[in-house]
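Down below is the structure, laid out as structure tokens.
Number of protein chains: 2
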Amino acid sequence: MVMLDKPKRRAAQSSVPAFDPVERVTVTEQVYRRLKDGLMTGRFAPGQKVAIRGLADALGASPMPIREALHRLQAEGAIEITQTGRIRIVSLTLEQLRDVRDARMALEGMLGERAAARVTSDDMAEIVAAYEAMETSVGSGDREGYLASNFAFHRRIYFVADCRITQRVVESLWLLMGPCFFLLTPDGSHLARSMEAHRAIRDALAAGDGPAARAAVCDDIMQAAASLSLLLAKTKEG
Amino acid sequence: MVMLDKPKRRAAQSSVPAFDPVERVTVTEQVYRRLKDGLMTGRFAPGQKVAIRGLADALGASPMPIREALHRLQAEGAIEITQTGRIRIVSLTLEQLRDVRDARMALEGMLGERAAARVTSDDMAEIVAAYEAMETSVGSGDREGYLASNFAFHRRIYFVADCRITQRVVESLWLLMGPCFFLLTPDGSHLARSMEAHRAIRDALAAGDGPAARAAVCDDIMQAAASLSLLLAKTKEG
DNA sequence: TGATGTGATTTGTGATCACAAAATGAGACA
DNA sequence: TGTCTCATTTTGTGATCACAAATCACATCA
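Going down the list, the protein sequences come from chains A and B. Number 93 in my numbering belongs to position 93 of the first sequence; there are no gaps in the numbering. Plus 1000 on top of the position in the second sequence (first one is 1) and you've got my numbering.
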């Protein structure tokens, strides 16, 4: 039962350099990425209404790919469709934020612990670089820069853990919190407070200490959730 | 800053009976549910190719809603789009199955522990009913019945935990394992083996013992993953 | 002044069609 | 017999259009 199929690709006959296959990128895919990025960097307000045709004009595409991208985001829970079919950005309740926090601690704690046992010096170099980028962003009060490097920091760690499916799930949880970043003022107090946990994560990984990494990741998540809860509570009552 | 908007719905002036709002169910939504159900009950083989127009004929719908439903499933990871755009059911590798298993233990363990602290006698009645339905299905070797009542059993427990977002994530992880059930023969040995853990879950919940519930849920997941791994390994090499 | 009904506009949905690219299969040739 | 070539078919994508339902704006009346 071996090799019943013919080989999919014939071997190169003359010497040709190796290439990665070109990326397949449909319009829907581009729209999806742009929207996701917009969500993650807090450019949409929680609860904000969006219209398919409006986004189509803004992005210079026809309504069809917009619709598909929005439905993908709905499947991930980042977008809500009202009972009458209108589309809006989700606005987490405090209960839901706690829910996301607990799920994140369970999953990201596990990834952090695994990462500590697998991290290489190359990985550490990248993680430290992201950490330092975060520090300078905090220093200059650059909210967008902070969000980007914070994302890169965690993403690199979870990549090391080598759990692609769990990582995808974790990133979908991050996506849910994205709109909350809209409320994040760049005054920096929230950002600065997060660096203590980040330092602990970095050090635990460098020491290869799994349990410490898990604890530090959980600290970070708890602290972030507390900050966002405060912001959210203020806008909910206002 | 209170009540700037006028009330969305005016109060009824004459006495009108209370109704649940009519359900909004688009063709896309129906297709999505049918496909999801088919996936969960193992009616698609792992790696199987599907075509939009083929499904459209089979379901009696136009290609458009099929496409959107498939893209939603892709966003959840249940369906894969090849580099040339063809569509197929995902076929988990052993590594990925382990990944799903670990994520499930982290999340479902948490939900089980929470459920133990919140379960009411009404909940227990439903959980026990699902447990008994599972037992009779195992006895008669009814694979579909087993899958349905197993799903109902866990779903009810996670509902009690009252974490809607985590529950959605968990169900998306179940969806990933769905196609593996295609390989499940109804001889019953795998099914019977699972009942020990299910009994432990039931008893821990009845006793309100959180840690025991967590442990039992994890046992169940470990055992199920081991069974599926075996089946999967057999087909991968064959 | 505020509630109510009516028409115009906006909006999401889904069907149809054209298009490009990939898969398929038949036939030619070594 | 196996390999290559080329025409045909299949397939996913995205644009356009018609339709129904929801929303909005405004005139009307109590």
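Note that the Cβ used here is the ideal one computed from N, Cα and C, for glycine as well.
| Asked | Found |
| --- | --- |
| Quick check on the DSSP output: the alpha helix (DSSP H) that includes E171/A runs from which residue to which? | 164 to 177 |
| Can you tell me the Cα-Cα spacing of L1173/B and G60/A, whole angstroms? | 35 Å |
| When the Cα atoms are used, what is the spatial distance from D1099/B to P179/A? | 28 Å |
| For D1005/B, decide whether its Cβ has a neighbour in chain A, counting only Cβ atoms nearer than 8 Å. | Below a pLDDT of 50, predicted positions are generally treated as unreliable, and D1005/B, at 34, falls in that range; no measurement from the model is reported. |
| Whole angstroms are fine: how far does the CA of R143/A sit from the CA of L231/A? | 15 Å |
| Would you list, in chain order, the members of the region 184 to 208 of chain A that have their beta-carbon closer than 9 Å to a beta-carbon of chain B? | none |
| Please report whether the beta-carbon of G85/A lies at a distance below 8 Å from any beta-carbon of chain B. | yes |
| Where do the N-terminal and C-terminal ends of the beta strand (DSSP E) with E1080/B fall, by residue? | 1079 to 1081 |
| I need the straight-line Cα distance from G1210/B to R1114/B, nearest angstrom please. | 7 Å |
| What is the DSSP secondary structure of R250/A, counted as helix, strand or coil? | As shown, chain A starts at 1 and ends at 238. That puts residue 250/A outside it, with no answer to give. |
| Rounding to the nearest angstrom, what Cα-Cα distance links S194/A and D220/A in this structure? | 7 Å |
| I want to see whether chain A comes within less than 8 Å of I1021/B, judged by CB atoms only; does it? | For the sequence presented, residue 1021/B should be read as Pro rather than Ile. Closer than 8 Å to some Cβ of chain A, the Cβ of P1021/B qualifies, so yes. |
| Along the region 98 to 116 of chain A, what residues have a CB closer than 7 Å to any CB found in chain B? | D99, V100, D102, A103, A106, L107, M110 |
| Determine whether the Cβ of R33/A lies closer than 8 Å to any Cβ atom of chain B. | no |
| Within the 8 Å Cβ cut-off, does T1166/B reach chain A? | yes |
| Comparing the C-beta of E1171/B with each C-beta of chain A, is any distance below 8 Å? | no |
| Of the residues that make up the region 70 to 85 of chain A, which ones have a beta carbon closer than 7 Å to any beta carbon in chain B? | H71, R72, A75, E76, G77, Q83, G85 |
| Count the other CB atoms within 10 Å of the CB of V1025/B; is the residue buried (16 or more) or exposed (fewer)? | exposed |
| Kindly provide the ranges of any alpha helix (DSSP H) runs that are 4 or more residues long and lie completely inside the region 1100 to 1146 of chain B, ordered along the chain. | 1121 to 1140 |
| List in chain order: all unbroken beta strand (DSSP E) runs of 3+ residues lying wholly within the region 1031 to 1097 of chain B. | 1079 to 1081, 1087 to 1089 |
| Taking C-beta pairs closer than 8 Å, name the residues in chain B that C163/A reaches, listed in chain order. | D1099, D1102, A1103 |
| Measuring alpha carbon to alpha carbon, tell me which residue in Q223/A, A233/A, T235/A, G208/A is nearest A116/A. | G208/A |
| So, is A1225/B buried or exposed, given that buried needs 16 or more other C-beta atoms within 10 angstroms? | buried |
| If you follow the alpha helix (DSSP H) that L205/A is in, where does it begin and where does it stop? | 189 to 207 |
| So Q30/A contacts chain B; which residues on that side make the cut at Cβ distance below 7 Å? | Residues of chain B passing the Cβ test: none, with the nearest at roughly 14 Å. |
| Give the DSSP-derived three-state secondary structure of L184/A in the structure shown. | coil |
| Write down the C-beta distance between G112/A and I157/A rounded to the nearest angstrom, noting that I regard them as a contact closer than 8 Å. | 6 Å |
| Using a Cβ-Cβ distance cut-off of 8 Å, determine whether L228/A contacts chain B. | no |
| Grouping DSSP H, G and I as helix and E and B as strand, with all else coil, what is F1153/B? | helix |
| So, for R43/A: in the same chain, excluding its five sequence neighbours on each side, which residues have a beta-carbon less than 8 Å away from its beta-carbon? | F182 |
| DSSP three-state label for F1019/B, please. | coil |
| Give the residues of chain A in contact with E1068/B, contact being defined as C-beta atoms less than 7 Å apart. | E68, H71 |
| Leaving out five residues before and five after V1170/B in sequence, what residues of the same chain have Cβ atoms less than 8 Å from its Cβ? | R1104, L1107, E1108, L1111, Y1158 |
| Of all the options V128/A, T93/A, Q74/A, F153/A, which has the alpha carbon lying nearest to the alpha carbon of C1163/B? | T93/A |
| If you compare alpha carbons, which of L191/A, H71/A, T120/A is closest to A148/A? | L191/A |
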